[in-house]
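Numbering (this note's numbering), first residue to last: 567 to 997.
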């Protein structure tokens, strides 16, 4: 008994000592959420011309009808898609059940694009789930969120005489450290579209987190199987040695789920399926850098983290949100963000016992306001209804300054993205 007590006291003392040193070295890192901009000046991109952010919500109907209603409320599909555009849809294929994007909502969106007058462009569904086998997980799952998995969704349109609906598997380009979660690697590194398909690592675009950790921006270059056009995710369509006078329209299609230490996975975190996870720790190179997922990981020993966690301490905080916000400003930001909350995982991305049938679709040009509103209006009611866990409620709550999700949102917002104040967010609803 005394031995166990002494051991616990030692761990607690070590944790407090480590935390004191951490504060001394990186005093702003743990409480960076206090840096949220509370002024009334519009944040751009994401905000509208009036400085406010508009979040559109349709609830209570089918996924397809909710999707159509949201697009209608936003001004129609032609507000977003031109006749010759290349439309890139980025779902979440890393998980299954509620963890993957609802394919019925995606199907309705694709149908609206294809029905648009004079549309002669193409639609590409692309994602990097960071696992070695491309055709796996959300692409092939039999635990579908909707009538199709992602491969079946593409096949549906191809068999319906729509060859301009295709897919692409982005695959991490560098070498992976053995045992790395996910483990995808060696998909190829390129300097640009002239080198073929692969990932670009931009040493001139570097995010520095509070505390000094750095993340190099990375993004895919990939070729359409339909048109043969190569798409540089940052700079746009390319063919025959030059960039084309055609627009790439990027639609970020996310789900809405609890995600432990970052609180919530929704539209902002969905960007992690664009970046290369071998670009920085836990990849082999480049030395001194972290990838966008691990930029928020502290250097504390795991046992110390475990003890601190019992006192409410969380990793990640603003760093991941800040890195994604930097990516949005310097690489590419979605033209439209959509959250398919047909099912909302209030306690898990995959456990169907920890989800609520919320029957909602939300959309906005502002990913910060969208994730905030989705968590407050959809996820939190489901959490309060189904769980009495105080830690789960805190992790899913976008409002308290000490919640991990608030800090995550604040990190992105502090990069100049969108709005995070109630009086700057306008909800347009059909419920």
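Every residue, glycine too, gets a C-beta built ideally from N, C-alpha and C.
Computed from a prediction, not measured in an experiment: that's the story for all the values here.
Option in 934, 972, 921 and 977 with minimal Cα separation from residue 545
There is no way to answer for residue 545, as the model of the chain reaches only from 567 to 997.
Classify residue 958 as helix, strand or coil using the three-state DSSP reduction.
helix
Within 10 Å of its beta-carbon, does residue 747 have 16 or more other beta-carbons around it, so buried, or fewer, so exposed?
exposed
With respect to the beta strand (DSSP E) encompassing residue 789, which residues constitute its N-terminal and C-terminal limits?
780-789
Continuous beta strand (DSSP E) assignments of at least 3 residues falling wholly in the stretch 656-742:
688-693 and 731-735
Rounding to the nearest angstrom, what Cα-Cα distance links residue 649 and residue 682 in this structure?
8 Å
Pair within 8 Å by beta-carbon distance, residue 927 and residue 907
yes
Would you say the stretch 810-822 touches the stretch 898-916, given that touching needs at least three Cβ pairs under 8 Å?
yes
What are the start and end residues of each continuous beta strand (DSSP E) run of 3 or more residues lying completely inside the stretch 617-649, in chain order?
619-625
Contacting residues, own chain, Cβ-Cβ under 6 Å from residue 772 (five flanking each side not counted)
780 and 782
Are the beta-carbon atoms belonging to residue 970 and residue 758 less than 8 Å from one another?
no
DSSP bridge partner residues for residue 922 (one or two, in chain order)
910
To the nearest whole angstrom, what separates the beta carbons of residue 678 and residue 634, a pair I think is in contact under 8 Å?
7 Å
Candidates 843, 997, 991 and 996, of which the one nearest residue 615 by Cα
991
DSSP on residue 603, reduced to helix/strand/coil?
With a pLDDT of 36 at residue 603, under the threshold of 50, the predicted position of this residue should be treated as unreliable, though the coordinate-derived value follows. DSSP places residue 603 in coil when its eight states are reduced to three.
Hey, how far is the Cα of residue 963 from the Cα of residue 810?
44 Å
Which first and last residues belong to the alpha helix (DSSP H) in which residue 885 is found?
884-896
Could you tell me which of 847, 975, 671 and 761 sits nearest to residue 986, measuring between CA atoms?
975
Note down, in chain order, each residue of its chain lying with its Cβ closer than 7 Å to the Cβ of residue 709, except the 5 sequence neighbours on either side.
662 and 663
Take residue 862 as the anchor and find which of 629, 777 and 725 has the nearest alpha-carbon.
777
Comparing alpha-carbon positions, which option in 695, 626 and 972 lies nearest residue 657?
695
7 Å Cβ shell around residue 913 - same chain, five flanking residues per side excluded:
824, 920, 953 and 958
Exposed or buried, what is residue 786 when buried is set at 16 or more other beta-carbons lying within 10 Å of its beta-carbon?
buried
In terms of residues, what are the limits of the beta strand (DSSP E) holding residue 765?
764-774
Just confirm the distance between the C-beta atoms of residue 704 and residue 660, as a whole number of angstroms; I'd bet it's less than 8 Å.
6 Å
Over the uninterrupted beta strand (DSSP E) stretch that includes residue 615, give me the two end residues.
Segment: none, residue 615 is in no beta strand (DSSP E) and carries neither H nor E.
Taking 7 Å as the limit between beta carbons, can you name the residues of its chain near residue 686, skipping five residues before and five after?
649 and 650
Determine the burial state of residue 923: buried for a count of at least 16 other Cβ atoms within 10 Å of its Cβ, exposed for fewer.
exposed
Compute the Euclidean distance between the alpha carbons of residue 981 and residue 795, then round it to the nearest angstrom.
32 Å
Take residue 734 and list the residues in its own chain whose beta-carbon comes closer than 7 Å to its own, dropping the five residues that flank it on each side.
690, 692 and 788
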